[in-house]
Amino acid sequence: MAPLPPLPPVADDLEFAGRSMLDLLDEDHQLIGQLCTRLAADPASRDLEDVLVATLSRHISAEEQYLYPTVLAVLPDSTPFVTDEVAADEALLTQLRRLHTTPAEDAVHGEALRTVTEHAREHARRTASVFPRLRSGCTANDLVRLGNRVEIARSAAPTRPHPGTPATPPLNKIVDPAVAVVDKLRDALTGRTTWAEDLTERNVYRSRTGGTRTP
Numbered sequence: 002m003a004p005l006p007p008l009p010p011v012a013d014d015l016e017f018a019g020r021s022m023l024d025l026l027d028e029d030h031q032l033i034g035q036l037c038t039r040l041a042a043d044p045a046s047r048d049l050e051d052v053l054v055a056t057l058s059r060h061i062s063a064e065e066q067y068l069y070p071t072v073l074a075v076l077p078d079s080t081p082f083v084t085d086e087v088a089a090d091e092a093l094l095t096q097l098r099r100l101h102t103t104p105a106e107d108a109v110h111g112e113a114l115r116t117v118t119e120h121a122r123e124h125a126r127r128t129a130s131v132f133p134r135l136r137s138g139c140t141a142n143d144l145v146r147l148g149n150r151v152e153i154a155r156s157a158a159p160t161r162p163h164p165g166t167p168a169t170p171p172l173n174k175i176v177d178p179a180v181a182v183v184d185k186l187r188d189a190l191t192g193r194t195t196w197a198e199d200l201t202e203r204n205v206y207r208s209r210t211g212g213t214r215t216p
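Anchor point for the sequence shown: position 24 equals 25 in my numbering, and the numbering is continuous, going up by one each time.
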């Protein structure tokens, strides 16, 4: 099997610890769906919204850096699929930014949340549709190596939506971590919650009404 573009070649007998890229991304899809459902039930929860925005932003960044190049390398005639997914990601980031910057009491907020939820679930369905073919076309070892890179990419990814930034390697591997530095500084200064495991009964119900948020 030819080496995948994101991975340097290694000896065949080397085994890597970690989790498959496909398992990690599938877990992301499930978490994003759960967050959308919870936020629809409690649209005034600032922290739920912040975690959804950050989780989706990180997820899209990681997929554009590693999933789509793998699809192009492994699946014949996959260029139209990847092109469509990159365009759909841009549309989703645009709606995510709209959600993030609109007060919860504004009717536009509810509309944006419904649109984000619909786009996110369609995204999960479309990308998951190629997972079985990737499992067949990639070695388990390569999927683990890609999973390790996805985990690194997510930890270094932006926590806010930035439509218009590069969506393909190599530029996104440079721009996304640079943008993320600013995002994380702002998060630290404002005490923003960005990871699902940090949600608590106290902060899940902290209201975000009363003013427009900055993107």
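By construction, the Cβ of each residue, glycine as well, lies at the ideal position given by its N, Cα and C atoms.
Less than 8 Å divides the Cβ of residue 155 from the Cβ of residue 63.
Within the segment 104 to 158, the complete alpha helix (DSSP H) runs of at least 4 residues fall at 108 to 129, 132 to 138, 141 to 156.
Restricting attention to 114, 118, 71, the CA atom closest to the CA of residue 137 is found in 71.
In this chain, residue 67 is not harboured by any alpha helix (DSSP H), its DSSP state being neither H nor E.
The alpha carbon of residue 157 has as its nearest neighbour, out of 164, 59, 91, the alpha carbon of 59.
Per DSSP, the unbroken alpha helix (DSSP H) holding residue 82 starts and ends at 80 to 101. CA-to-CA, the gap between residue 27 and residue 125 works out to about 8 Å.
One thing to note: residue 113 has its Cβ no nearer than 8 Å to the Cβ of residue 93.
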